[in-house]
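Below is one structure, written out as structure tokens; comments come after it.
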Amino acid sequence: MTKNSTMTRTYVVTGAASGIGLATTELLRSRGHRVIGVDLRGADLDTDLAVPQQRAALARNVEAAIRAAGGDGTLDAVLAVAGVALPSSSTVRVNHFGAVATVEALRPLLLRSTAPRAAVVTSFSALQDNDTELVRLLAAGDEDAAVARAEALVEKDLGHLIYASTKRSIAQWVRATSITTAWAGAGIPLNAVGPGIVLTPMTAPLVQTDEGRAQLQAIVPMPLHGPFEPLVIARALAWLTGEENSHTTGQVLFVDGGADVSLRGPHIFGPQD
């Protein structure tokens, strides 16, 4: 029997202790897969993706965890789900540099698989107001300068732009990176999922009142069923990183109840389409 010829696959999920990461971990395990969860605490590997030194140790620790769980060190898929929404520089470190470091550090382990896959969680916020200078610095990979820019935004009372900026930049990174020799050329689909409003402890109080629902609807209009549980995103991630997905790459899949088209309209190729 050749490697990965069975249904069981080995996944790494960051942000695995809560929210979308937890829902994804539970879904994959319910389907019989091996999952190495990564989070600040409460997962298989305690790792702070805001700290460069801990990112650097991630691949070594993941391989050790896979072997300890009975695997041979092969990783079939990585899902960079971890994220924060604070108006601070930690959002820059985790949402962009933490996600990039996770995917890049684990690529050598993915190359051992016969069906390697990778996915990142961005957000519908990638389409919203952002700071173009911060996005530029993130795209350039300059962590020190990006952190300094985020801190400057906080001082100017513009910290609310940081989250959307990081989600824009990581979506752009996925698209640019997906078609390179290291990814498409190596047979690894790399995609992103952009959730709309996910029902979490943070958003739950808003959807319980008419005023809160109206506020959310104005920001993220979701005509199809409205806000949803994290499991909805978990299912999308499971397909993107499963063996069935052989050719979808470089896509940002907006799972948003129609918010994208509600705000941007039907045009997908440009103003002349």
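Residues 1 to 273, numbered by this note's numbering, are exactly what the sequence shown covers, in order.
Ideal placement from N, C-alpha and C gives every residue a C-beta, glycine not left out.
Note that this is a predicted model, so its numbers are computed, not measured.
Which of helix, strand or coil DSSP assigns to residue i
i	result
residue 46	strand
residue 117	strand
residue 85	coil
residue 25	helix
residue 193	strand
residue 19	helix
residue 223	coil
residue 91	helix
residue 37	strand
residue 147	helix
residue 51	coil
Residue i burial status per 10 Å Cβ neighbour count (16 or more: buried)
i	result
residue 192	buried
residue 2	Annotation note: pLDDT 38 at residue 2 (below 50); position unreliable, coordinate value reported separately. Exposed, since its Cβ has fewer than 16 Cβ neighbours within 10 Å.
residue 51	exposed
residue 307	Within the shown structure, residues of the chain are numbered from 1 to 273, placing residue 307 beyond reach of any answer.
residue 116	buried
residue 63	buried
residue 83	buried
residue 30	exposed
residue 58	buried
residue 273	Note that residue 273 scores a pLDDT of 49, beneath 50, so its modelled location is shaky; the value from the coordinates is reported in the next line. Its Cβ having fewer than 16 others within 10 Å, residue 273 is exposed.
residue 264	exposed
residue 33	buried
residue 132	exposed
residue 197	buried
residue 201	exposed
residue 219	exposed
residue 180	exposed
residue 185	exposed
residue 209	exposed
Same chain, Cβ closer than 7 Å to residue i, five either side skipped, listed in chain order
i	result
residue 42	17
residue 258	222, 223 and 224
residue 94	49, 50, 82, 83 and 84
residue 66	10, 36, 73 and 75
residue 25	13, 16, 35 and 37
residue 226	257
residue 98	49, 50, 55 and 82
Run of the alpha helix (DSSP H) containing residue i, from where it starts to where it stops
i	result
residue 77	Unbroken run through residue 77 is the beta strand (DSSP E), 77-80; no alpha helix (DSSP H).
residue 170	161-178
residue 69	Per DSSP, residue 69 belongs to no alpha helix (DSSP H) and is neither H nor E.
residue 231	230-240
residue 263	259-264
residue 206	204-207
Limits of the unbroken beta strand (DSSP E) element including residue i
i	result
residue 212	Taken as a continuous stretch (DSSP letters only), residue 212 belongs to no beta strand (DSSP E), being part of the alpha helix (DSSP H) at 210-219.
residue 132	Element bounds for residue 132: not the beta strand (DSSP E) but the alpha helix (DSSP H), 132-140.
residue 102	First-last for residue 102: 99-110, but that is the alpha helix (DSSP H), not the beta strand (DSSP E).
residue 253	252-255
residue 13	10-14
Contacting residues, own chain, Cβ-Cβ under 6 Å from residue i (five flanking each side not counted)
i	result
residue 212	206
residue 102	14 and 80
residue 91	84, 162, 163 and 166
residue 240	119 and 191
Any chain C beta carbon closer than 8 Å to residue i
i	result
residue 207	Included in the structure is just one protein chain, with no chain C present.
Nonlocal neighbours in the same chain, by C-beta distance under 8 Å from residue i, ignoring five residues either side
i	result
residue 96	138, 146, 166, 169, 170 and 173
residue 40	17, 46, 47 and 48
Residue i CB to nearest heavy atom of the ligand MN below 7 Å
i	result
residue 42	Absent from the structure shown: the ligand MN. Ligands present: none.
Touch test, the segment 169-187 against the segment 229-244, Cβ-Cβ under 8 Å, three pairs minimum: Contact between the segment 169-187 and the segment 229-244 is absent, because fewer than three Cβ pairs lie under 8 Å.
Stretch pair the segment 178-190 + the segment 245-257: three plus CB contacts closer than 8 Å: Here the segment 178-190 lies against the segment 245-257, with 3 or more beta-carbon pairs under 8 Å apart.
Touching by the beta-carbon criterion (3+ pairs, under 8 Å), the segment 138-151 and the segment 113-122: No contact exists between the segment 138-151 and the segment 113-122.
Segment contact flag, the segment 147-160 with the segment 131-139, C-beta cutoff 8 Å, min 3 pairs: Verdict: yes, contact present.
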